[in-house]
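Visitor:
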Amino acid sequence: MVNTAETTSAAAAAQATAKDGGKTRIALIGTGGRSEMYIRAIFGKHADTAELVAFSDVNPGRVEFYQKLIQELGAPGPVASFDPADLTAFIQANGIDRIIVTTPDYTHADYIVEGLRAGADVVVEKPLTIDAEGCRRITQAVQETGRNVVVTFNYRYSPRNSALKEIIQSGVIGKVTSVDFSWVLDTVHGADYFRRWHREKKNSGGLLIHKASHHFDLVNWWIDDVPERVFASGGLKFYGDKNAAERGLGPRPERGTPDADAPAGEKDPFALDLREDERLKALFLDNEHYDGYRRDQDVFTAGITIEDNLALVVEYQGGPRLSYSLNAHSPWEGYRVAVNGTEGRAELEVVERAAVLHSTDQKTVVDPSATPVEEEDAVRRNGERLVVQRHWEAAYEVPIVNGEGGHGGGDELLLSDLFNGPGEDPLGRPSGYLDGLRSVSVGIAGNLSLESSLPVRVEDLDLGVDLRRAK
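Here my numbering runs 20 ahead of the position in the sequence shown, where the first position is 1.
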């Protein structure tokens, strides 16, 4: 069920300008943390195939931050900037081939649709969008324009996840009957979603959309199947003011960065002091006066509308069932997935941070999957292990070979596909808008199930395309 037609089309879009002897002309929208990966790639390894014509943000301070970075990367001069409200005019006046969207999730559909109709292809950070209405608008724009949307599911490219795909695809465990998938976010990384704009479901769709769209895409891709029905249960059980009050935490400041004249006190492990991270300070604290956005909200204040504990059952067209759980306040970070088949079972266990140790003398990495960390723990160790066991046979371990960079070298592979065009890939890792739809369909259905306490069929979401037959 690999979407070869869409992959081929995406490859053609990525390479079209290069065939004419030029570079792909790119405009980037959104200058938060995720944009840096693309900017470094364009001015680094992929400078021969891509050109950043301009970038844009509603916050001029963050635009200036990246102007300085671009100069440090060796650009001959400043890159143009434009008002996001002028996207259509800028695309058409400057011959933009592609836009890259790294804005908050609730804005994705608007920029994708406008970019497509203005005449550009689109690269968008996951998730594709946060609700069914956004899916319908994107689907209609793709069908009307014939242009391409690539969703950057970098987890597919992580060597450990690719290794599990190879095992399943080889048929060694037979036909897949079920998947058991548990993901835990620790009290650094997990807590961070409750400090930022993600904490409101109207902005992010909740963790079922913003975070778990990665996980649902992995399952869809691993088993090469399409989700049909979803039942979800969950709630806000740890973060938020009510939970804090129940545990007797007492009054707390609204944010982690104290006033300059505040007296020094014991470091709060749940507080993010933006002054302690040079990059976060420069991107967010120094630019609050432009838009009022606070990157360091306290995780135990009022106003959080997303869940921190979630459980789902997903039924697939081909018959497998997925049992999925997500916890956002674990003492360690990683995931465990078991794939059961008619001939055996494959198990992947990943520990990305063995323990969160409260320390006042070192900076704590927020996302250990993107920036590997080492924590001392006598029992749990950082690492990964893929084990296969067929019926009536002893188990064996499958070696995983990592590369350099984030996600075990997966980010570099993804960027190569984006800027050079994907080549032949037997694993089908390049992803398009249909993959994005299939991924967010689980989260959208899950959110509706949370509201109704009933199972929700994906086809009833009316996303503008039949995901079961779409190619």
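Built from N, CA and C at the ideal position, the CB exists for glycine as well.
1) By alpha-carbon positions, which one of L483, F85 and G53 ends up nearest to D455?
2) Starting from T159, trace the alpha helix (DSSP H) in both directions and tell me its first and last residue.
3) Identify the continuous alpha helix (DSSP H) that holds N223 and give its terminal residues.
4) Can you find at least 3 beta carbon pairs, one from the segment 224-231 and one from the segment 298-315, that sit closer than 8 Å?
5) Work out the CA separation of D288 and R272 for me, nearest whole Å.
6) Tell me, to the nearest whole angstrom, how far the beta carbon of N386 is from that of H209; I am working on the premise that it is less than 8 Å.
7) What first and last residue would you give for the beta strand (DSSP E) that runs through A172?
8) Going by CA-CA distance only, name the one from E153, E92, S343 and I46 that's closest to G139.
9) Which stretch, first to last residue, makes up the beta strand (DSSP E) that contains D200?
10) Cα separation between E56 and D245?
11) Would you be able to state if there are at least three C-beta pairs under 8 Å between the segment 318-331 and the segment 203-221?
12) Assuming S461 and V485 are in contact, meaning their beta carbons sit under 8 Å apart, how far apart are those beta carbons, in whole angstroms?
13) Sort I158, E153 and D125 by Cα distance to D141 and report the nearest one.
14) Look at L406 and V421 and say whether their C-beta atoms are less than 8 Å apart.
15) Near G260, what residues of its chain come up, given a Cβ to Cβ distance below 6 Å and the 5 sequence neighbours on each side ignored?
16) Is it right to say T380 is buried, meaning 16 or more other beta carbons lie within 10 angstroms of its own, or is it exposed?
17) Would you say the segment 327-345 touches the segment 183-200, given that touching needs at least three Cβ pairs under 8 Å?
18) Pick out the complete alpha helix (DSSP H) segments inside the segment 28-105, 4 residues or longer, and give them in chain order.
19) Rounding to the nearest angstrom, what Cα-Cα distance links E424 and G430 in this structure?
20) So, does the segment 439-451 touch the segment 66-79, judging by three or more C-beta pairs under 8 Å?
21) Mind checking W242: buried by the 16 CB within 10 Å criterion, or exposed?
22) So, helix, strand or coil for Y355, using DSSP?
23) Kindly identify the DSSP beta-bridge partner or partners of F251.
24) To which residues does DSSP link E145 through a beta bridge?
25) Taking the beta carbon of P179 as the centre, do at least 16 other beta carbons fall within 10 Å, making it buried, or is it exposed?
26) Take E353 as the anchor and find which of V333, T321, A331 and R401 has the nearest alpha-carbon.
Guide: Let me spell this out:
1) L483
2) A152 to T165
3) K221 to S224
4) no
5) 10 Å
6) The amino acid occupying residue 386 in the given sequence is Val; Asn does not appear at that position. Correct: roughly 6 Å between the Cβ atoms.
7) The displayed chain sequence assigns Thr, not Ala, to residue 172. V169 to T172 is the span of the beta strand (DSSP E), which, as asked, contains T172.
8) I46
9) V196 to D206
10) 33 Å
11) yes
12) 10 Å between Cβ atoms; not a contact.
13) I158
14) no
15) I324
16) Unreliable placement is indicated for T380, whose pLDDT of 46 sits below 50; no coordinate value is reported for it.
17) yes
18) 55-62 and 80-92
19) 8 Å
20) yes
21) buried
22) strand
23) V333
24) T172
25) buried
26) R401
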